[in-house]
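Visitor:
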Amino acid sequence: NAMAFYSKSIKTFQELIVRARKEDLPCGTSNSHGEIELKQLNKIYGTKFTAVPYKGTGQLIPDVVGGHVLCAYDQIAPYTQLQDKINFLATSGNRPYKNDVPLISSVLPGYYFVTWYAVGIPKNSPLATDTKFLNAVQWNKTKDLVDPMVDRSFVIEPADANLNIRAAKESAHYQRLLK
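Structure, rendered in structure tokens:
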């Protein structure tokens with residue numbers, strides 16, 4: 001995930017945090033991860049972000065680029081071609097996205113957030129026996145393909161049975177948090 005901000009008045013993530021500690025600050029999110037993460041920032045660091053949920057990144061991008069949403073917390077990959085239209089202030093990844101885009105943890109000590117995605121295939125789907133497809137979704141086969149895009153914004157973990165069990169538990173946990 002990344003914090004994107006479309007404003008000429010705020011240039012750094014630290015400035016954004018200072019402002020969010022003083023006043024309510026609406027911030028667009030494209031998924032429940034962003035909403036949960038903003039709540040975590042509010043709880044731990046005393047910010048006053050208000051999550052404004054969107055139905056996915058595709059709905060959020062036009063409002064961010066058009067300046068209708070001043071603050072947005074979203075995955076970084078879809079925005080990489082829009083760098084001349086928005087400011088990236090920080091990333092929650094484990095490495096800076098670019099030299100001028102710091103880690104959130106460099107501004108907020110102890111900050112860490114893990115997110116995950118899974119691939120699900122119905123048992124009766126032809127894909128369940130498609131060797132080429134199954135090889136493509138295995139961690140060791142796709143790592144080199146996904147790292148350049150997702151390592152900028154996500155903590156990546158291999159998908160295995162244990163991760164799927166944890167994902168189900170975390171989904172239930174996130175649903176409780178959002179209530």
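Just so you know, we're using the working numbering here: the sequence shown kicks off at 1 and counts up by one.
The C-beta atom is built at its ideal place from N, Cα and C for all residues, glycine as well.
Under 7 Å Cβ to Cβ from L38, same chain only, skipping five residues before and after it: list those, please.
Guide: C27, T29, F49, A51, Y73
Visitor: When the Cβ atoms of the region 124–133 are set against those of the region 97–110, are three or more pairs found closer than 8 Å?
Guide: no
Visitor: So, are the CB atoms of L82 and G93 less than 8 Å apart?
Guide: no
Visitor: Output yes or no for whether 8 Å exceeds the beta carbon distance between F88 and A20.
Guide: no
Visitor: Is the distance from the Cβ of V69 to the Cβ of I86 below 8 Å?
Guide: Not in contact: V69 and I86 (Cβ atoms no closer than 8 Å).
Visitor: Assign Y45 to one of three DSSP states: helix, strand, or coil.
Guide: Y45 falls in the helix class under three-state DSSP.
Visitor: Does any CB atom of chain E fall closer than 8 Å to the CB of P102?
Guide: Among the chains of the structure shown, chain E does not appear; only one protein chain is present.
Visitor: How many Å lie between L25 and A90 at the Cα?
Guide: 17 Å
Visitor: Within 10 angstroms of its Cβ, does G58 collect 16 or more other Cβ (buried), or is it exposed?
Guide: exposed
Visitor: Looking only at its chain, what residues have a beta carbon closer than 6 Å to the beta carbon of P148, apart from the 5 residues adjacent to it on each side?
Guide: With a pLDDT of 46 at P148, under the threshold of 50, the modelled position of that residue is not reliable, and the figure given next carries that caveat. Here the set comprises nothing.
Visitor: Give me the residue from K22, Q14, H33 with the minimum Cα distance to S171.
Guide: H33
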